[in-house]
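Structure record follows, encoded as structure tokens.
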Amino acid sequence: MVVNYDLPWAIIRLIQRVGRIDRIGQRAETLLCYSFLPADGVERIIRLRSRVRQRLRENAEVVGTDERFFDDDADDGLLFDLYNEKSGLLDGEGESEVDLASYAYQLWRNAVDADPSLEKKVTELPDVVYSTRSHTEAHAGPPGVLLYLRTADDNDFLAWVDAEGKSVTQSQLAILEAAECEPGTPALARQDAHHDLVRKGAELIAERKASSAGALGRPSGARFRIYERLKLYAFSVKGSLFDLVELRRAIDEIYRFPLKSVAVDQINRQLRAGANDDDLVRLLLALREEDQLCLVREDEPDPEPRIICSLGLRPPFLR
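In structure tokens:
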């Protein structure tokens, strides 16, 4: 028997929990899975369902669906269907198991292994480089522009806008897959509105970033999680022998400045491994000592976002 008292960030967690007992050696003929939602009176007090819906919307990229699945006016039926294991509800939700950075890196390695000359050609391309390819009905999604942008705090985002400049999807995996081209795919002349669509894509990314959960980013992110975890730890040891000035400075830097990529990788790894507070404190202090924790910019202005590249998706009938 499995009893769920919460809704995990990734839907796949529900399946994994059942998998803990639905495994080799299990002799029971029936496996039971119970999930609790608050009574109506409790819901009015703590607003759990509305908060869960908000978390789902903010975490859509992690779960692996586009924004239409987590629509703002979705009702509570979605949650009940999820908890009651409605047939087909969990089908096709594989993106939550994909590490997008690793997936993109593997695509890069496969391309370079097939054609070693690509490594020099691609790495020497300037920012804001663009190209265009044909987009037919065989491709999923409408024509428009795909955009790859790096924000001022060194986070990478992909955007897909249609010919009207409207967002097609926020799923980073879907956008990455939409950019797929064979080596012999011919390049077409850019659409007249290409640069305008790139600008609209950049504005959508900026809006999405601004609407995330405060200065610390999404609640599922490494920065938010490590800050909240160690803020509570620092409060619990305040005034004791374990009250470290350097730890409080590290926590303050995490709040004020974005994490470096190496810090994000190591913190996520430790969190997934179930590291205790002491291990996390040692990790943070070591990263800060090696200047690998945060992108600290005390005196210099924040850098501008960088448009790395864009790809136009042009209907074949356009000339």
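Each residue of the sequence shown is one higher than the one before, counting from 31 in this note's numbering. All residues carry an ideal CB built from backbone N, CA and C; glycine is no exception.
{"Query": "Measuring CB to CB, does residue 314 end up less than 9 Å from residue 246?", "Result": "no"}
{"Query": "Note down, one range per segment and in chain order, each beta strand (DSSP E) of at least 3 residues found wholly within the segment 149-181.", "Result": "159-164 and 174-180"}
{"Query": "So, helix, strand or coil for residue 130, using DSSP?", "Result": "helix"}
{"Query": "Would you kindly report the start and end of the unbroken beta strand (DSSP E) that includes residue 266?", "Result": "Here residue 266 belongs to no beta strand (DSSP E); instead the alpha helix (DSSP H) covers 252-266."}
{"Query": "Going by CA-CA distance only, name the one from 268, 276 and 255 that's closest to residue 289.", "Result": "255"}
{"Query": "Taking buried to mean at least 16 other C-beta atoms within 10 Å of its own C-beta, is residue 213 buried or exposed?", "Result": "exposed"}
{"Query": "Give me, in chain order, the residues of the same chain whose beta-carbon lies closer than 8 Å to that of residue 64; leave out the 5 immediate sequence neighbours on both sides.", "Result": "31, 32, 33 and 34"}
{"Query": "What's the C-alpha gap between residue 144 and residue 138?", "Result": "10 Å"}
{"Query": "Does the segment 151-166 come close enough to the segment 335-343 that 3 or more CB-CB pairs lie under 8 Å?", "Result": "yes"}
{"Query": "So the candidates are 311, 264, 262 and 321; which of them puts its Cα closest to the Cα of residue 292?", "Result": "321"}
{"Query": "How would you call residue 173, buried or exposed, if buried means at least 16 neighbouring beta carbons within 10 angstroms?", "Result": "buried"}
{"Query": "Quick check: what's the CA-CA separation for residue 171 versus residue 343?", "Result": "10 Å"}
{"Query": "Out of 341, 49, 53 and 45, which has the shortest C-alpha to C-alpha gap to residue 216?", "Result": "341"}
{"Query": "Three-state secondary structure (DSSP) at residue 214?", "Result": "coil"}
{"Query": "Exposed or buried, which one is residue 231 when buried takes at least 16 other CB atoms within 10 Å?", "Result": "buried"}
{"Query": "Short of 7 Å in beta carbon distance, which residues of its chain neighbour residue 164, apart from the five on each side in sequence? Order them along the chain.", "Result": "218, 344 and 346"}
{"Query": "So, for residue 220: in the same chain, excluding its five sequence neighbours on each side, which residues have a beta-carbon less than 6 Å away from its beta-carbon?", "Result": "162 and 342"}
{"Query": "Which partner residues of residue 336 appear in the DSSP bridge assignment?", "Result": "180"}
{"Query": "Locate the beta strand (DSSP E) running through residue 197, then write down its first and last residues.", "Result": "197-199"}
{"Query": "Tell me, which residues are paired with residue 344 by DSSP?", "Result": "164"}
{"Query": "Beta-carbon separation of residue 189 and residue 130 under 9 Å?", "Result": "no"}
{"Query": "For the alpha helix (DSSP H) that contains residue 204, what are its first and last residues?", "Result": "202-208"}
{"Query": "Could you please give the first and the last residue of the uninterrupted alpha helix (DSSP H) stretch that includes residue 308?", "Result": "307-319"}
{"Query": "Would you report the Cα separation of residue 253 and residue 317, rounded to the nearest angstrom?", "Result": "14 Å"}
{"Query": "Which of helix, strand or coil does DSSP assign to residue 140?", "Result": "helix"}
{"Query": "For residue 287, which residues of its own chain have a beta-carbon under 6 Å away from its beta-carbon, when the five flanking residues on both sides are left out?", "Result": "324, 325 and 326"}
{"Query": "What is the residue span of the beta strand (DSSP E) that residue 298 lies within?", "Result": "Run containing residue 298: none in the beta strand (DSSP E); it sits in the alpha helix (DSSP H), 291-302."}
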